[in-house]
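Trainee: Questions regarding the structure given below will be posed in turn.
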Amino acid sequence: MEAVVFEQVSKRFDSVVAVDNLSLRVGQGAVFGLLGPNGAGKTTSLRMILHILAPDEGTIQVLGQAASGRTQDLIGYLPEERGLYARMKVREVLVFLAALKGLSEVEALKRVRQWLERLELAAWAEKRINDLSKGMQQKAQFIAAVIHQPPLLILDEPFSGLDPVNATLIKDIMLELRAQGSTIILSTHRMEQVEMMCDAICLISRGRSVLAGDLRAIKQSYGKNTLRIEYSGDDNFLDLPHLVEKLNHFGAVVEAKLRPGADPQEILKAAVARGVRLSRFELVEPPLHDIFIEKVSEGHA
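For my numbering, count along the sequence shown from 1 and bump the result up by 43.
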């Protein structure tokens, strides 16, 4: 059984088409990346899964049922914009939200205590939400999403405001929840996180799906057409327009997208001829970042 199924779903706001005939399937127990540029229709799609919005056309199934008020309690939601009551105390607001999901006060207090300790917020339990840093607020919001142990989690930019240590902590918990059988829909602009965590993706642009499927298969379909190079010395050796279609510079590392049929050995010869010292010269599949930009650009052409 799939966790979420969209069948030809459309949603309009006056004359604006936010979601346009979108079909997608989210496998149960997977981490699924819902991706797209700003304004693509991601948030509208998430709100329809949550039954905050209803589609104008098409159907949405959530864990084998039509999306409805009944399916809302099966979902944990971390919105991109923080939505906790700013004047309430941390423990108080989390217990309140857990009770809304059907937990008894005793069970809610127990789980809140455990999660506050896990996310290193125990010392802040009696502080008001608006006294917390952005990162601490994000961790409290994450607890609110998972407190009732939902089988489906929707996480919209879950790493927003987090330093690398806390981002790693949240990532580890997400993968732990997946190992326990939860399905996670991840919406983020951080392509490196998607690439490392997601089993499948759907990339939407202007409300339509432009790329969907198993992430590994998608990347393999592009072939190893990108050189990842780390070097010191003259970078003019990469001025080879007949071999290199595009360059992305990341400081000490450069990614060069090769033209069809280009021989990477010719680039290696050019580097050696110019006395460039190479510490990395690797032919790889294109990063998801490049695939994302290419598909979105095609959709706007």
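Here a beta-carbon is modelled for each residue, glycine too, at the ideal position from N, C-alpha and C. Model, not experiment: these values are computed from the prediction.
Using a Cβ-Cβ cutoff of less than 6 Å, which residues in the same chain neighbour L140 once the five nearest sequence positions on both sides are dropped?
Mentor: The residues are A187.
Trainee: For T102, is the classification buried or exposed, using 16 other Cβ atoms within 10 angstroms of its Cβ as the cut-off for buried?
Mentor: Per the 10 Å Cβ criterion, exposed.
Trainee: Given V52, which residues of its chain have a CB within under 8 Å of its CB, disregarding the five upstream and five downstream residues?
Mentor: Excluding positions up to five away in sequence, the list reads V62, N64, L65, S66, S88, M91, P98, E100, G101, T102, I103.
Trainee: Under DSSP, the alpha helix (DSSP H) around N209 begins and ends at which residues?
Mentor: Per DSSP, N209 belongs to the alpha helix (DSSP H) from 207-222.
Trainee: Which stretch, first to last residue, makes up the beta strand (DSSP E) that contains L195?
Mentor: Note, L195: beta strand (DSSP E), 195-199.
Trainee: Which first and last residues belong to the beta strand (DSSP E) in which I247 is found?
Mentor: First-last of the beta strand (DSSP E) with I247: 243-248.
Trainee: On the three-pair Cβ rule with 8 Å, is the segment 155-163 touching the segment 173-186?
Mentor: At 8 Å Cβ cutoff, the stretches touch.
Trainee: Please report the straight-line C-alpha distance between L93 and E337, rounded to a whole angstrom.
Mentor: Whole-angstrom Cα-Cα distance: 30 Å.
Trainee: Our contact map puts E163 next to R134 with C-beta atoms below 8 Å; I'd like the distance itself, whole angstroms only.
Mentor: Not confirmed; about 15 Å, so no contact.
Trainee: Since L127 contacts V136 with CB under 8 Å, what's their CB separation in whole angstroms?
Mentor: Their Cβ separation, rounded to whole angstroms, is 5 Å, which keeps L127 and V136 in contact under 8 Å.
Trainee: Beta carbon of S270, beta carbon of A316: below 8 Å?
Mentor: At residue 270 the sequence reads Leu, which differs from the Ser that was named. Taking 8 Å as the Cβ cut-off, L270 and A316 do not qualify as a contacting pair.
Trainee: Among P303, Q263, L146, M131, whose alpha-carbon lies nearest the alpha-carbon of R171?
Mentor: For R171, the nearest C-alpha among the options comes from M131.
Trainee: Out of curiosity, what's the CA-to-CA distance linking A262 and P330?
Mentor: First, the amino acid is wrong: residue 262 is Lys here, not Ala. Straight-line Cα distance between these residues: approximately 8 Å.
Trainee: Alpha carbon to alpha carbon, how far is T231 from P207?
Mentor: Cα-Cα distance, rounded: 16 Å.
Trainee: Note the first and the last residue of the continuous beta strand (DSSP E) segment covering R68.
Mentor: Run containing R68: 59-70, per the beta strand (DSSP E) assignment.
Trainee: Closest to E364 by C-alpha separation, out of Q192, A165, A295, A109, would be which residue?
Mentor: Past the edges of the chain, shown from 44 to 344, lies residue 364, and the structure says nothing about it.
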